[in-house]
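Participant: All you need for our numbering is the position in the sequence shown, starting with 1, plus 575. For every residue, glycine included, the Cβ atom is placed at its ideal position computed from N, Cα and C. Have a look at the structure that comes next, please.
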Amino acid sequence: MVVSYYFTKAAMSLDGFHFNKQKGKYILMESLITLENVSKIYGNKCVLNNINLKIVRGQNLAIIGDNGTGKSTLLRIIAGLSSLSSGKRILCNNGDKLKIGYVPDRFPKLNFTPSEYIYYMGKIEGFSQTYIDKCSSELFQTFNIDLMKDTRIKYLSKGTIQKVAVIQAFMSKPDILLLDEPLSGQDNNSQKKFIDILQKFKIEESCIVLACHEMNLVNKLADKVITIKDGKIIWDIRNKNSNYKNMLIRFKACEGFDANMIKKFNGLLSIVENGQLVSVLINKKYSDIAISKLLQMGYSIVSVNESNL
């Protein structure tokens, strides 16, 4: 279910400015939530290991990685729904309250209709009847589920139920919208429509954090992309639409490493060996292919960063 949270004002930190393409202007990059050295352990398994991350207003963040790597756990920690084994979660806001909307991958099949659910959740949040009616009517039409608003949620498809969850989050106008696999239950047409809606939401200078597998969603929405592997953030890069021209890829070479194989990569600018650590500078256009080839060759990626070198 969607959960909205309201937090009192904490310390505020400013990280500079971010260019909002939709608004065509620079906006202040205010850190809303900061994770410092966060780890999460379930039993004997370390799901997240020493995570450092800032959630910034106006900057959309995509979290990618294989199933079971800790993406959903990280979202719940950002939302405040999961305790920390160690580290700190720091709330920062320039106003009196910080609103977080969280849409999980799986939403319970409730006996309410979408209309009833949105009404009751709106009342719990203190919204007026007029606001609930106006907002829900507009959002049901926007998400193309107006004809299903009076059908019991338990009879709706996963994709439609996800839309109901997002509608509730939108109604609250959150500072941060957390989405866990938001396209997993939707067909191609619904996915395109959903992406268009989220792109419009981005104009409002809020922040979307999403865990997903669909690279079309990442490419359309994300300003920053992180990849989680073995509980750690191994890639921390800006979206390909940024002004950086090249990527600096560092990986660990194994026994029998042959640099000549790497030198055949398209777009390669330089390669530097320092013991087992190898640094490759490559044109951003070819970086995805290079990373894929390195992984196929069995190398362990240490970091991927943008560069104008």
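How is L823 classed by DSSP in three states: helix, strand or coil?
Facilitator: L823 falls in the strand class under three-state DSSP.
Participant: To the nearest angstrom, how far is it from the Cα of I876 to the Cα of R825?
Facilitator: Near 6 Å, if we compare the C-alpha coordinates of R825 and I876.
Participant: Excluding the 5 residues flanking I866 on each side, which residues of the same chain have their C-beta closer than 6 Å to its C-beta?
Facilitator: Answer for I866: no residue qualifies.
Participant: Just checking my contact of L752 with G676 at CB under 8 Å: how many whole Å lie between their CB atoms?
Facilitator: Rounded, the Cβ-Cβ distance is 5 Å, consistent with contact.
Participant: In or out: C829 buried (at least 16 other Cβ within 10 Å) or exposed?
Facilitator: Exposed is the call here.
Participant: When you compare the region 639–652 with the region 602–619, are there three or more beta-carbon pairs, one atom per stretch, that lie closer than 8 Å?
Facilitator: With a cut-off of 8 Å, the region 602–619 and the region 639–652 count as touching, because enough Cβ pairs lie within range.
Participant: So L754 and I783 are in contact, right, with Cβ under 8 Å, and what is the actual spacing, rounded?
Facilitator: Indeed they touch by this definition, with Cβ atoms about 7 Å apart.
Participant: From V847 to V879, what distance separates their C-alpha atoms?
Facilitator: So the two alpha carbons sit approximately 15 Å from each other.
Participant: At a cut of 8 Å, does the region 639–649 reach the region 797–809 through at least three beta carbon pairs?
Facilitator: The region 639–649, when compared against the region 797–809, does touch it at the 8 Å Cβ threshold.
Participant: So T717 and I772 are supposed to be a Cβ contact under 8 Å. How far apart are they, rounded?
Facilitator: About 6 Å; that satisfies the 8 Å criterion.
Participant: Exposed or buried, which one is M723 when buried takes at least 16 other CB atoms within 10 Å?
Facilitator: M723 comes out buried.
Participant: DSSP state of G734, grouped into three classes?
Facilitator: G734: helix per DSSP, three-state reduction.
Participant: Using three-state DSSP, classify L722 as helix, strand or coil.
Facilitator: Helix.
Participant: Using the beta-carbon count (16 or more within 10 Å), is D798 buried or exposed?
Facilitator: So D798 counts as buried.
Participant: Hey, out of N624, L659 and L636, whose CA is closest to M790's CA?
Facilitator: Answer by Cα proximity: L636.
Participant: Can you tell me which residues form a DSSP beta bridge with Y874?
Facilitator: Its beta-bridge partners do not exist; DSSP assigns none.
Participant: In angstroms with no decimal places, state the Cα-to-Cα distance between F840 and K629.
Facilitator: Their Cα atoms are separated by approximately 33 Å.
Participant: Looking at the secondary structure, which residues open and close the alpha helix (DSSP H) in which D708 lies?
Facilitator: Its alpha helix (DSSP H) spans residues Q704 to T717.
Participant: For I665, collect the residues of the same chain with a Cβ closer than 6 Å to its Cβ; drop the 5 residues on either side in sequence, then sort them by chain order.
Facilitator: Closer than 6 Å at Cβ, skipping near neighbours: T609.
Participant: Using a threshold of 9 Å, state whether the C-beta atoms of L844 and L856 are closer than that.
Facilitator: For L844 and L856, yes; Cβs fall inside 9 Å.
Participant: Leaving out the 5 sequence neighbours to the left and right, which residues in its chain are closer than 8 Å to G662 when beta-carbon positions are compared?
Facilitator: Cβ within range, chain order: L610, E611, N612, V613, S614, N625 and I626.
Participant: Suppose contacts are defined by Cβ-Cβ distances below 9 Å. Is S795 in contact with N821 by that definition?
Facilitator: Looking at the sequence itself, residue 795 is Lys, so the reference to Ser does not match. Contact flag unset, no.
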